[in-house]
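**Q** Numbering (this note's numbering), first residue to last: 33 to 340.
Positions of the beta carbon are idealized from the N, C-alpha and C atoms, including for glycine.
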Ligand code: NCD
């Protein structure tokens, strides 16, 4: 592999820190990781990844760990901060200043917005933001882009809808920013109370055409990519507000049949009831392929940031 861009030692905090050229490069390195993900490698032998997860996770933590193992490295970490000194009152910066002695790179998931940025200010080793509250999830956005490119052969020229909880969903914040670097049409479909954060819309509205709407059925026939998300119950300040929007969008076979034949359906997972299980066997359903893509993209990121 030829290094054309500099990633060694970089933090991955926000998708906004990356240019289109850099994103394309990450996607290219991810493609090169596909055979290595199947065969395994020792490129990162003796390197240690720490996964510090202060919030629940299945895919992000385990795929970071699997990615490191597939590259020959090792992992340490925790999936429940309640069994660490955080329970005794230790703050995030002290936790980071401890773990940096044990690991070459840290993947951090934390409920607070700004947590990854804060951690990076204290850390001597690179920080990978694995989800910072409702704010950002940059590595998920990269695997979402990778999935779109792999499935559709391109990103430019597509009509892409982000659907569901655009207010509290961090994946859609990072993905909307990433997509704004491409020549696409973006549809933001949500209930009024869960509209895309103003800060995100303002930061991308001059780069990309945006249509905001509540009605999913209306836009389905036009779009190429449908990215639906879970309503983020745990982030609602008021449970009554959650009840009003719970189950608002549901994709079933009827929805799929009203779309283009080559529509693809993505979801960062976990799903609740947004996608009926009957959809899983349709050619449009790509959310489990997306899970595999998470491995190769995270392998690429570990490889690039650790400068292997
Ligand atoms: C997402 C997350 O944690 O933000 N999950 C993931 O990382 N794949 C989406 C969600 O929890 O709804």
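Does DSSP put residue 326 in a helix, a strand or coil?
**A** For this step, residue 326 is matched to residue 294 along the chain shown. If DSSP states are grouped into helix, strand and coil, residue 326 belongs with the helices.
**Q** Residues in the same chain with beta-carbon distance under 7 Å from residue 66, minus the five sequence neighbours each way, listed in chain order, please.
**A** For the purposes of this step, residue 66 is taken as residue 34 along the chain shown, with counting starting at 1. The beta carbon of residue 66 sits closer than 7 Å to the beta carbons of 328 from its chain, once the five residues preceding and following it are set aside; these are given in chain order.
**Q** Roughly how many angstroms separate the alpha carbons of residue 337 and residue 220, rounded to a whole number?
**A** Numbered from 1 along the chain shown, position 305 holds the residue referred to as residue 337. Numbered from 1 along the chain shown, position 188 holds the residue referred to as residue 220. For residue 337 and residue 220, the distance between alpha carbons rounds to 32 Å.
**Q** Would residue 177 and residue 55 be called neighbours here (beta carbons separated by less than 8 Å)?
**A** The residue labelled residue 177 in the question sits at position 145 within the chain shown. The residue labelled residue 55 in the question sits at position 23 within the chain shown. In this structure, residue 55 lies closer than 8 Å to residue 177 by Cβ.
**Q** Taking Cβ positions, are residue 187 and residue 218 nearer each other than 8 Å?
**A** Stepping through the chain shown from its first residue, residue 187 is reached at position 155. Stepping through the chain shown from its first residue, residue 218 is reached at position 186. Cβ atoms of residue 187 and residue 218: not closer than 8 Å.
**Q** If contacts are defined as beta-carbon pairs under 8 Å, then residue 325 and residue 182 qualify, I think. What distance do you get, rounded to the angstrom?
**A** Start at 1 with the first residue of the chain shown, and residue 325 comes out as number 293. Start at 1 with the first residue of the chain shown, and residue 182 comes out as number 150. Yes, residue 325 and residue 182 are in contact; Cβ-Cβ is about 7 Å, under 8 Å.
**Q** Residue 318: which of 275, 299, 165 and 304 sits nearest, CA to CA?
**A** Numbered from 1 along the chain shown, position 286 holds the residue referred to as residue 318. For residue 318, the nearest C-alpha among the options comes from 299.
**Q** Using only Cβ atoms and a threshold of 7 Å, which residues come within that distance of a heavy atom of ligand 1? Order them by chain position.
**A** 89, 91, 92, 163, 169, 172, 201, 202, 203, 261, 262, 264, 300, 301 and 302
**Q** Would you identify the three-state DSSP class for residue 34, choosing helix, strand or coil?
**A** Here residue 34 refers to the residue found at position 2 of the chain shown. With a pLDDT of 47 at residue 34, under the threshold of 50, the modelled position of this residue cannot be trusted; read the value that follows with caution. Look at residue 34 here: in three-state DSSP terms it is coil, with no helix or strand label.
**Q** Quick check: the stretch 256-264 against the stretch 194-201, are at least 3 beta-carbon pairs closer than 8 Å?
**A** yes
**Q** Would residue 286 and residue 256 qualify as a contact pair, given that the criterion is a beta-carbon distance under 8 Å?
**A** Your numbering for residue 286 matches position 254 in the chain shown. Your numbering for residue 256 matches position 224 in the chain shown. Cβ atoms of residue 286 and residue 256: not closer than 8 Å.
**Q** Roughly how far, in whole angstroms, is the beta-carbon of residue 91 from the beta-carbon of residue 166, given that I think they are within contact range, below 8 Å?
**A** Here residue 91 refers to the residue found at position 59 of the chain shown. Here residue 166 refers to the residue found at position 134 of the chain shown. Residue 166 and residue 91 do not touch by the CB rule: their CB atoms are close to 18 Å apart, not below 8 Å.
**Q** Could you give the first and the last residue of the continuous beta strand (DSSP E) run that contains residue 90?
**A** Here residue 90 refers to the residue found at position 58 of the chain shown. Unbroken run through residue 90: none, as it is neither H nor E.
**Q** What's the gap between the Cα of residue 330 and the Cα of residue 339?
**A** Looking up residue 330 in the chain shown gives position 298. Looking up residue 339 in the chain shown gives position 307. Cα atoms of residue 330 and residue 339: separation of roughly 14 Å, rounded to the nearest angstrom.
**Q** For residue 215, which of helix, strand or coil comes out of DSSP?
**A** Taking the first residue of the chain shown as 1, we reach residue 215 at position 183. Coil.
**Q** What is the residue span of the alpha helix (DSSP H) that residue 164 lies within?
**A** Within the chain shown, numbered from 1, the residue matching residue 164 stands at position 132. No alpha helix (DSSP H) contains residue 164, which is instead part of the beta strand (DSSP E) from 159-164.
**Q** Which ranges does the alpha helix (DSSP H) cover as unbroken runs of at least 4 residues, wholly within the stretch 219-286, from first to last along the chain?
**A** 230-236, 248-251 and 271-277
**Q** I need the boundaries of the beta strand (DSSP E) containing residue 18, first residue and last residue.
**A** With the chain represented from 33 up to 340, any question about residue 18 goes unanswered, as that position is not in the structure.
**Q** Leaving out five residues before and five after residue 243 in sequence, what residues of the same chain have Cβ atoms less than 6 Å from its Cβ?
**A** The sequence position of residue 243 within the chain shown is 211, counting from 1. Answer for residue 243: 219, listed in chain order.
**Q** Can you list, in chain order, the residues of its chain whose CB lies under 6 Å from that of residue 37, leaving out five sequence neighbours each side?
**A** Position 5 of the chain shown, counting from 1, holds the residue named residue 37. Cβ within range, chain order: 54 and 57.
**Q** From which residue to which residue does the beta strand (DSSP E) around residue 141 run?
**A** Here residue 141 is taken as the residue at index 109 of the chain shown, counted from 1. That run of the beta strand (DSSP E) goes 137-142.
**Q** Mind checking which residues open and close the beta strand (DSSP E) that includes residue 106?
**A** On the chain shown, residue 106 is found 74 positions in, with the first residue counted as 1. Looking at the DSSP string, the run of the beta strand (DSSP E) that includes residue 106 is 106-110.
**Q** Taking only the alpha-carbon atoms, compute the straight-line gap between residue 245 and residue 223 and give it to the nearest angstrom.
**A** Within the chain shown, residue 245 is the residue found at index 213, counting from 1. Within the chain shown, residue 223 is the residue found at index 191, counting from 1. Using only the alpha carbons, I get a separation of about 8 Å.
**Q** If you run the structure through DSSP and keep just helix, strand and coil, what is residue 39?
**A** If you number the chain shown from 1, residue 39 lands on position 7. If DSSP states are grouped into helix, strand and coil, residue 39 belongs with coil.
**Q** Using 8 Å as the threshold, is the C-beta distance between residue 159 and residue 140 below it?
**A** Taking the first residue of the chain shown as 1, we reach residue 159 at position 127. Taking the first residue of the chain shown as 1, we reach residue 140 at position 108. Taking 8 Å as the Cβ cut-off, residue 159 and residue 140 qualify as a contacting pair.
**Q** Which two residues bound the contiguous beta strand (DSSP E) that contains residue 83?
**A** What you label residue 83 is simply residue 51 of the chain shown in a count that begins at 1. Per DSSP, residue 83 belongs to the beta strand (DSSP E) from 80-85.
**Q** Across which residues does DSSP place residue 168 in a beta bridge pair?
**A** Locating residue 168 in the chain shown gives position 136, counting from the first residue. Per DSSP, 164.
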